[in-house]
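Undergrad: Handing you a structure now.
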Amino acid sequence: MEVSVIRSSSQAKISKTELGCRDLRFCFGKSNDKNKIFSRKPTSVCFDSQISRFRKAGLRFTLKAVQSDPILESKSPATSKSLYRLRLFVGLPLDAVSDGNSVNHARAIGAGLKALKLLGVEGVELPVWWGVVENEMGKYDWSGYLAVAEMVQKAGLKLHVSLCFHASGQPRIPLPKWVTKIGESQSSIFFADRSGQHYQQCLSLAVDNLAVLDGKTPIQVYQGFCESFKSTFSPFMGSTITGISMGLGPDGELRYPSHHKPAKSGTIIGVGEFQCYDTNMLNLLKQYAEANGNPLWGLGGPHDAPTYDQGPNSNSFFKDHGGSWESPYGDFFLSWYSSELVSHGNRLLSLASSIFGDTEVDVYGKVPLMHSWYKTRAHPSELTAGFYNTASRNGYEAVAETFARNSCKIILPGMDLSDEHQPHDALSSPESLLAHIRTTCNKHRVEVAGQNLASGAPGGLEQIKKNMLGENPIDLFTYQRMGAHFFSPDHFPSFTEFVRSLSQPELHPDDLPSDEAEATESVQTSSDPNIHLQTA
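Quick note on numbering: the UniProt record's numbering labels position 180 of the sequence shown as 180, and the sequence is numbered without any gaps.
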């Protein structure tokens, strides 16, 4: 299929019958927040209205059926060898399936899948929520997710599944109701900060092996969930489903919820807070302190650490020179705090590896990019998140070793972030931290996959390309996330050009395919009003 986009003032002409769908509509919710996908009660934005917006921008669309190969599978001699293994996925909406296990905006998703297939995208990522599937303990309803898997299979795309054992604030997808009910009477199943405030969007890692869920441990509950998934989706495993991400904590990442609320846009993020004050975490700290001959050190976390939104120098713990983090107590606490996180990751990755190890899917886990304050010696944002990584200590060695031990791959988000677009006063360096983690992973032979944090980061697409095709190219990247903004005139043409640039990153103009070849193998964009943008 060919999609021609021509800069012209003439009226748009669309042949929906040639596309094979007479009523192709992208009914995404209108929202000023480009991270808000598929509003629950939207003003519908149909495909026709999207075309009108493109028309105002001077774009004309024509669709016609042709035989073509996906862009990223092009075997052009001029294409870098590293691109042969390049796989590009796009995340489906977070609430593709939500209440009632029905598929939200099924027609819009179906049309989106066709568009991605045309671009040569290999597949899509689907969040699968614990709170949607297991509304009653031990009873699983996979119907909505099965429907999506069938849609993806029918579209000829691959599927990467993210198993989410956490809750989502926006769109709102809570933990299972029966888990929330237990938490109402046993708040200690959740993380707590120094003030006693509980983070209720995931379970505390301290209860992994405690029978706090109606006589079962969380690990046993996660195991039942994963085994049911494997059995239910066995017809798709290894063919349509090629990868599974194991949820490891807040937002699916291996970390503590050191920031209960996301930072406001344009503000400098604080250092966060240690999350070791729920009853069960304090019990583990007490045991560790007594075993090390310092029982008084097991009474709580650091008393001189800043609060969530404060900078590292607002108190003495994280100060670059003379900070408590470098004292014997600081080393004791940070060693314990980080080791508990690594042990939690090992338990869940080991579980996932044992269940899915005999299938043809790859198992992944996500490690966050806590890049704020990276240019300080203490790296406080990493420390509060559970990574004992400082200017003099590599805190990702133990993490990489854990992934290697369980034959799992690491997903690193934030590959769209560049140092130049970070607030100067935040002393942030996402590029340096990303390079540091990737070097550590390479040392332990752990494969790295990438994600972006937001589709609107300044210079994000170029930064992603740099990370994908640099000296250490990655073979899988998941672009987040499908929705109203993704298909808008402000974004989709740029994304299309980005995909095309991955196919032929460094071709000289004289080496570009002929017009006939472009119609079937490439995506081209230009500022020239007479140049076509071809999507094959």
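Note that beta-carbon positions come from the ideal geometry of N, C-alpha and C, so glycine has one too.
State yes or no: is the C-beta of Leu433 within less than 8 angstroms of the C-beta of Met415?
TA: No, these two residues do not count as a Cβ contact at 8 angstroms.
Undergrad: Should Gln170 be labelled buried (16 or more other beta-carbon atoms within 10 Å of its own) or exposed?
TA: With fewer than 16 Cβ atoms within 10 Å of its Cβ, Gln170 is classed as exposed.
Undergrad: Flag this pair as touching only if the region 157 to 168 and the region 120 to 128 have three or more C-beta atom pairs under 8 angstroms; answer yes or no.
TA: Contact holds: three or more Cβ-Cβ distances are below 8 angstroms.
Undergrad: Please classify Arg438: is it buried, with 16 or more other beta-carbons within 10 angstroms of its beta-carbon, or exposed?
TA: The residue is buried, with at least 16 neighbouring Cβ atoms inside 10 Å.
Undergrad: Could you check whether Tyr288 and Asp193 sit closer than 8 angstroms to each other, using their CB atoms as the reference points?
TA: Their beta carbons are not under 8 angstroms apart, which means Asp193 does not touch Tyr288 by this criterion.
Undergrad: By how many angstroms is the C-alpha of Pro328 removed from the C-alpha of Tyr479?
TA: Computed Cα separation, rounded: 43 angstroms.
Undergrad: Return the Cβ separation of Pro368 and His421 in integer angstroms, given the expectation that the two are a contact with Cβ distance under 8 angstroms.
TA: Pro368 to His421, Cβ: 19 angstroms. No contact.
Undergrad: Entirely within the region 232 to 275 and at least 3 residues each: give me those beta strand (DSSP E) ranges in chain order.
TA: Complete beta strand (DSSP E) runs here, min 3: 241 to 246.
Undergrad: First and last residue of the beta strand (DSSP E) that includes Trp129?
TA: Note, Trp129: beta strand (DSSP E), Gly123 to Trp129.
Undergrad: Tell me whether Gly144 sits in a helix, a strand or coil according to DSSP, three-state version.
TA: Of the three classes helix, strand and coil, the one that applies to Gly144 here is helix, per DSSP.
Undergrad: State the start and end residues of the unbroken alpha helix (DSSP H) segment that holds Asp331.
TA: Pro328 to Phe356 is the span of the alpha helix (DSSP H), which, as asked, contains Asp331.
Undergrad: Using a 10 Å radius around the Cβ and a threshold of 16 neighbouring Cβ atoms, would you call Arg347 buried or exposed?
TA: By the 10 Å Cβ count, Arg347 comes out buried.
Undergrad: Among residues of its own chain, excluding the 5 on either side of Asn442, which ones have a beta-carbon nearer than 6 angstroms to its beta-carbon?
TA: Around Asn442: no qualifying Cβ.
Undergrad: When the distance is taken between beta carbons, is Pro312 closer than 8 angstroms to Pro380?
TA: Yes, they are a contact pair.
Undergrad: Could you check where the beta strand (DSSP E) with Gln200 kicks off and where it finishes?
TA: Where Gln200 is concerned, the enclosing beta strand (DSSP E) stretches over His198 to Leu203.
Undergrad: Taking the straight line between their C-alpha atoms, what separation do you get for Glu462 and His198?
TA: Distance between the alpha carbons of Glu462 and His198: 39 angstroms.
Undergrad: Are Ile182 and Val207 touching if we call contact CB-CB under 8 angstroms?
TA: No.
Undergrad: Could you give the first and the last residue of the continuous beta strand (DSSP E) run that contains Val90?
TA: Start and end: Arg87 to Gly91.
Undergrad: Given that a residue counts as buried once 16 or more other Cβ atoms are within 10 Å of its Cβ, and exposed if not, what is Asn452?
TA: Counting Cβ neighbours within 10 Å, Asn452 comes out buried, since at least 16 surround it.
Undergrad: Who are the near neighbours of Asp214 in its chain, counting only those whose CB is closer than 8 angstroms to its CB and skipping five residues on each side?
TA: Answer for Asp214: Met137, Trp178 and Ile182, listed in chain order.
Undergrad: Quick one: grab the DSSP three-state call for Ile109.
TA: Reduced to three states, the DSSP call for Ile109 is helix.
Undergrad: List, from N- to C-terminal side, the alpha helix (DSSP H) runs of 4 residues or more that fit wholly inside the region 394 to 441.
TA: Those alpha helix (DSSP H) runs which fall completely within the region 394 to 441 and span 4+ residues are 397 to 405.
Undergrad: Candidates Phe318, Gly323 and Glu360: which alpha carbon is nearest Thr307's?
TA: Cα-wise, what sits closest to Thr307 is Phe318.
Undergrad: So what's Ala457 in DSSP terms, helix, strand or just coil?
TA: In the structure shown, Ala457 sits in coil (DSSP, three-state: anything other than H, G, I, E or B).
Undergrad: Nearest-angstrom Cα distance between Pro430 and Pro423?
TA: So the two alpha carbons sit approximately 12 angstroms from each other.
Undergrad: Select from Gln186, Ala147, Pro413 and Val121 the residue whose C-alpha is nearest the C-alpha of Gly450.
TA: Out of Gln186, Ala147, Pro413 and Val121, Pro413 has the C-alpha closest to the C-alpha of Gly450.
Undergrad: Give the straight-line distance between the Cα atoms of Ser168 and Gly131, rounded to the nearest whole angstrom.
TA: Those two C-alpha atoms are separated by around 10 angstroms.
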